[in-house]
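What follows is a short report on a single structure.
Residue numbers (UniProt numbering): 1 to 231.
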């Protein structure tokens with residue numbers, strides 16, 4: 001394995017902010033299978049830490065093959081985002097997917113809101129060409145992403161409220177909104193249930209194509225196109 005670029009090394013966050021819980025080892029066979037498909041930094045992370053939940057369940061690392069069916073639903077027929085080259089490597093408590101695409105690099109899908117961000121498709125004044133997994137994971141640490149506000153003044157976020165009232169999720173679980181946000185549901189505690197992540201993600205993925213958004217030259221977020229086969 002080649003040397004890890006410090007800009008992509010996610011191990012420092014574990015060392016600084018806490019170990020994984022509900023840990024599960026990743027076999028050498030799986031690591032070897034993905035060595036040519038995923039960043040070296042993630043493979044090394046798997047070898048040292050495995051997968052598991054992190055930050056009280058706010059995020060968890062996963063094996064891509066366990067969630068490949070979700071990728072097939074979301075991107076079947078897409079001219080640029082090929083399912084076989086697209087891998088879910090982790091997800092948030094509310095169903096934000098952290099994805100590595102072998103061509104487009106780091107991507108994020110907000111399943112509850114049916115949106116997708118592909119940083120490589122953003123307009124960049126600086127001509128940035130490399131988009132590492134490290135950036136969205138650092139957002140987790142500083143609570144900027146993968147969260148919802150709450151009207152309850154006793155909590156700083158909906159995640160903190162759900163954690164306290166509903167309880168911490170474990171490996172393979174997530175918090176689901178019922179009814180789903182795409183069906184008019186609201187991001188509020190009374191609509192949250194602790195559910196099997198794979199089953200819930202499968203349901204959300206079938207609610208319609210993702211809306212891919214990107215940053216334009218005016219540095220505004222705009223709708224780019226739908227994911228999947230051409231509409």
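All residues carry an ideal CB built from backbone N, CA and C; glycine is no exception.
Residues in the same chain with beta-carbon distance under 7 Å from residue i, minus the five sequence neighbours each way, listed in chain order, please.
i: residue 283; result: It is not possible to answer for residue 283, since the shown part of the chain is limited to 1 through 231.
i: residue 222; result: 213, 214 and 216
i: residue 177; result: 112, 185, 187, 191 and 192
i: residue 83; result: 71, 72, 75 and 76
i: residue 224; result: 121, 212, 213 and 214
i: residue 69; result: 202
i: residue 136; result: 98, 106, 108 and 145
i: residue 165; result: 189
DSSP has residue i in a bridge; who is on the other side?
i: residue 115; result: 110 and 211
i: residue 24; result: 51
i: residue 225; result: 212
i: residue 67; result: Paired residue(s): none; residue 67 is not in a bridge.
i: residue 59; result: 54 and 92
i: residue 99; result: 88 and 107
Near residue i, which residues of its chain fall below 6 Å by C-beta distance, leaving aside the five closest residues on each side in sequence?
i: residue 172; result: 197
i: residue 5; result: none
i: residue 204; result: 111
i: residue 12; result: none
i: residue 155; result: 161
i: residue 1; result: Only weak support is given to the placement of residue 1: the predicted model assigns it a pLDDT of 49, under 50, and the question is left unresolved by the model.
Going by the CB atoms, is the gap between residue j and residue i shorter than 8 Å?
i: residue 53; j: residue 98; result: no
i: residue 163; j: residue 89; result: no
i: residue 174; j: residue 95; result: yes
i: residue 7; j: residue 134; result: yes
i: residue 210; j: residue 86; result: no
i: residue 230; j: residue 56; result: no
Whose C-beta lies closer than 8 Å to the C-beta of residue i among residues of the same chain, with five residues either side of it excluded?
i: residue 219; result: 123
i: residue 157; result: 143, 147, 148, 149 and 150
i: residue 48; result: 11
i: residue 39; result: 8, 100, 132 and 133
For the ligand ADP, is there a heavy atom less than 7 Å away from the beta-carbon of residue i?
i: residue 172; result: The model on display carries no ligand, and the ligand ADP is accordingly not part of it.
Give the range of the alpha helix (DSSP H) segment to which residue i is assigned.
i: residue 14; result: 11-17
i: residue 162; result: 158-165
In the DSSP assignment, find the unbroken beta strand (DSSP E) run with residue i in it and report its ends.
i: residue 196; result: 192-196
i: residue 173; result: 173-177
Checklist entry - Using 8 Å as the Cβ pair cut-off and three pairs as the minimum, do the segment 17-36 and the segment 76-83 touch? => result no
Item to check | Inter-stretch contact at 8 Å, needing at least 3 Cβ pairs: the segment 7-24 / the segment 38-52 | outcome: yes
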